[in-house]
Amino acid sequence: MAASSAVTANYVLKPPPYALDALEPHMSKQTLEFHWGKHHRAYVENLKKQVLGTELEGKPLEHIIHSTYNNGELLPAFNNAAQAWNHEFFWESMKPGGGGKPSGELLALLERDFTSYEKFYEEFNAAAATQFGAGWAWLAYANDKLKVVKTPNAVNPLVLGSFPLLTIDVWEHAYYLDFQNRRPDYIKTFMTNLVSWEAVSARLEAAKAASSSSS
Amino acid sequence: MTTTVIISIFLAIFATSLQNARGATMEPCLESMKTASLPDLPYAYDALEPAISEEIMRLHHQKHHQTYVTQYNKALNSLRSAMADGDHSSVVKLQSLIKFNGGGHVNHAIFWKNLAPVHEGGGKPPHDPLSSAIDAHFASLEGLIQKMNAEGAAVQGSGWVWFGLDRELKRLVVETTANQDPLVTKGSHLVPLIGIDVWEHAYYPQYKNARAEYLKNIWTVINWKYASDVFEKHTRDLDIN
């Protein structure tokens with residue numbers, strides 16, 4: 001019994017690293033209450049129910065994501081597993097007083113791979129704005145290069161072979177209470193006021209370390 | 001399969017404007033092509049309350065549907081130029097924008113007709129012949145509604161749940177489509193009778209994450225008369241029971 005409670009701790013609804021009202025006025029407390037408190041919570045709870053009694057039970061979340069992605073022929077648990085992962089990653093991609101331009105090594109890499117921060121912004125903005133229906137836009141790292149990726153529904157760069165560094169959720173539930181149909185305004189607010197470049201830098205370091213140790 | 005369907009939808013749209021252009025050159029055909037426009041809502045914005053709020057109806061019609069119309073017309077314009085230039089790779093590249101936005105326009109134009117205020121018959125169960133056909137295929141109207149709601153709730157991401165007529169197999173079906181794919185993308189012989197939008201924008205301001213509750217309540221404003229009319233029109237020449 002102790003063993004199974006330890007492994008179900010793999011699928012935990014971790015709170016964001018800030019209070020639910022800490023991103024106001026850019027992302028409302030009401031949005032966080034529903035988005036984290038209802039949507040994210042449901043993905044975690046439903047995942048636990050879905051893997052119970054199957055060979056996936058107790059496996060690490062990333063393992064479940066990879067095996068249920070099944071090379072694009074999605075298996076039932078993929079949606080809940082990937083969305084549980086994506087949302088935790090999303091909360092940690094933001095911080096109060098965030099946004100704007102990064103500095104140091106991260107800025108240098110953005111300038112190297114996109115020619116300028118402005119070009120990166122343009123590409124990231126376009127990806128987020130043109131992902132039709134539900135999905136995510138990402139800054140990702142692969143083969144020592146930064147790139148912008150957009151994905152539908154629950155798909156994320158993990159299953160596409162790259163390291164996620166930053167994400168914005170463009171499912172309508174992410175912005176509807178605060179911005180209604182105005183997704184471009186939501187993206188602009190995210191870029192200007194919410195992005196945690198510290199989190200992105202930390203993830204980049206981890207990605208580089210993981211790349212060099214496995215190559 | 002998808003490319004064939006996209007081209008079929010596209011040609012269907014073209015066909016309505018080509019009556020006078022048979023045998024003529026391509027350019028007059030393109031010039032006579034009509035653009036889409038936002039249809040008026042057949043009832044007031046607050047007329048579907050309390051099932052669907054006025055706030056949602058305004059946003060859904062004036063913002064979401066209008067955007068599909070605008071973007072669809074923009075894509076058609078680009079298509080017109082690409083075709084005139086013989087730029088075939090652009091023609092093919094534009095198909096996904098046409099499918100997204102044209103599909104959005106087509107689907108929502110049906111959706112507004114699928115709904116009616118209670119005082120105009122919204123929610124009133126269908127009569128024969130549709131009623132008997134529903135009983136034959138789903139055991140009862142409640143059976144159909146339960147199936148629609150279950151499938152609608154299970155759509156991951158954005159999409160639609162449809163109650164349709166399969167003209168070829170002569171039966172009634174429940175199907176779902178992703179994003180703004182029209183029902184015809186699931187089968188060219190499928191005719192939509194009722195479509196329910198399960199994109200989050202269709203219910204979020206009022207229901208938040210409770211999609212199941214939205215689906216439960218929308219039946220109080222479903223316009224079965226429209227569904228019956230379409231069903232009867234398409235089954236006059238079919239032997240369906």
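Protein chains in written order, with the UniProt record's numbering: chain A, 1 to 215; chain B, 1 to 241. Quick reminder that beta carbons are idealized off the backbone N, C-alpha and C, glycines included. Bear in mind that the values here come from a model prediction, so they are computed numbers and not experimental data.
- Look at the beta carbons and you see the region 129 to 141 of chain B not touching the region 98 to 105 of chain B: under three pairs across the two are nearer than 8 Å.
- Boundaries for ARG167 of chain B: no alpha helix (DSSP H) harbours it, and the DSSP string shows neither H nor E there.
- When C-alpha distances from SER93 of chain A are compared across A:PHE179, A:TYR18, A:LEU13 and A:SER211, the shortest belongs to A:TYR18.
- Under DSSP, no beta-bridge partner is assigned to ASP144 of chain A.
- In the DSSP annotation of this structure, GLY122 of chain B is not part of any beta strand (DSSP E), being labelled neither H nor E.
- Note on GLN146 of chain B: under 16 other CB atoms within 10 angstroms of its CB, so exposed under the neighbour-count rule.
- Closest by C-alpha distance to LEU106 of chain A, out of A:SER212, A:TRP136, A:ALA126 and A:ALA207, is A:ALA207.
- With fewer than 16 other Cβ atoms inside 10 Å of its own Cβ, PRO60 of chain A counts as exposed.
- The C-alpha of GLY195 of chain B lies about 43 Å from the C-alpha of TRP197 of chain A.
- For the region 192 to 207 of chain B, the beta-carbon criterion of a distance under 8 Å to any beta-carbon of chain A is satisfied by TRP199, GLU200, HIS201, TYR204 and PRO205.
- For the options B:ASP237, B:ALA202 and B:ASN223, the alpha carbon positioned closest to that of HIS61 of chain B is the one of B:ALA202.
- At a cut-off of 7 Å, the C-beta of GLY133 of chain A has a neighbouring C-beta in chain B.
- Interface flag for PHE111 of chain B against chain A is unset, since no Cβ pair is found closer than 7 Å.
- Closest by C-alpha distance to GLU175 of chain B, out of B:ASN149, B:SER140 and B:ALA82, is B:ASN149.
- In this structure, the beta-carbon distance from LEU183 of chain B to GLN180 of chain A does not fall below 7 Å.
- Fewer than three Cβ pairs drawn from the region 110 to 123 of chain B and the region 131 to 141 of chain B lie within less than 8 Å of each other, which leaves the two stretches out of contact.
- When beta bridges are read from the DSSP output, LEU130 of chain B appears opposite no residue.
- Shortest Cα-Cα distance from GLY133 of chain A to any of A:PHE78, A:TRP171, A:TYR69 and A:LEU20 involves A:TRP171.
- Listed in chain order, the alpha helix (DSSP H) elements of length 4 or more contained wholly in the region 151 to 213 of chain A are 176 to 179 and 183 to 193.
- Residue burial is scored here from C-beta neighbours: LYS150 of chain A has at least 16 other C-beta atoms within 10 angstroms and is therefore classed as buried.
- Looking from the CA of HIS65 of chain B, the closest CA among B:HIS105, B:MET33 and B:MET57 belongs to B:HIS105.
- The shortest C-alpha to C-alpha distance from THR31 of chain A to any of A:HIS173, A:SER201 and A:ARG183 is the one to A:HIS173.
- Close to TRP36 of chain A, with beta-carbon spacing below 8 Å, lies no residue of chain B; the smallest spacing is near 11 Å.
- With contacts defined by Cβ atoms closer than 7 Å, PRO164 of chain A and ALA140 of chain A form a contacting pair.
- Checking the DSSP bridge columns, you'll see ASP135 of chain B has no partner listed.
- Taking 7 Å as the threshold, the shortest C-beta distance from GLU172 of chain A to chain B falls below it.
- Setting aside the 5 residues that flank it on each side, HIS26 of chain A is surrounded in the same chain by THR189, ASN193 and LEU194, each with a C-beta closer than 6 Å to its C-beta; the list follows chain order.
- For TRP224 of chain B, the three-state secondary structure derived from DSSP is helix.
- When C-beta distances to chain A are compared with 9 Å, the residues of the region 148 to 179 of chain B below that value are GLN156, GLY157, SER158, GLY159, ALA178 and ASN179, in chain order.
- Taken through DSSP and simplified to helix, strand or coil, ALA126 of chain A comes out as helix.
- For the region 11 to 42 of chain A, residues whose beta-carbon sits nearer than 8 Å to a beta-carbon of chain B comprise PHE34, LYS38, HIS39 and ALA42.
- By the Cβ test, the region 75 to 82 of chain B is not in contact with the region 158 to 168 of chain B, since fewer than three Cβ pairs between them sit closer than 8 Å.
- With distances taken between CA atoms, LYS48 of chain A lies nearest to A:VAL12 out of A:THR115, A:VAL12 and A:SER212.
- By the Cβ-count criterion, ALA108 of chain A is exposed, with fewer than 16 other Cβ atoms from all chains shown falling within 10 Å of its own Cβ.
- At a cut-off of 7 Å between beta-carbon atoms, GLN180 of chain A makes contact with chain B.
- Contact of PRO152 of chain A with chain B by beta-carbon distance below 8 Å involves GLY157.
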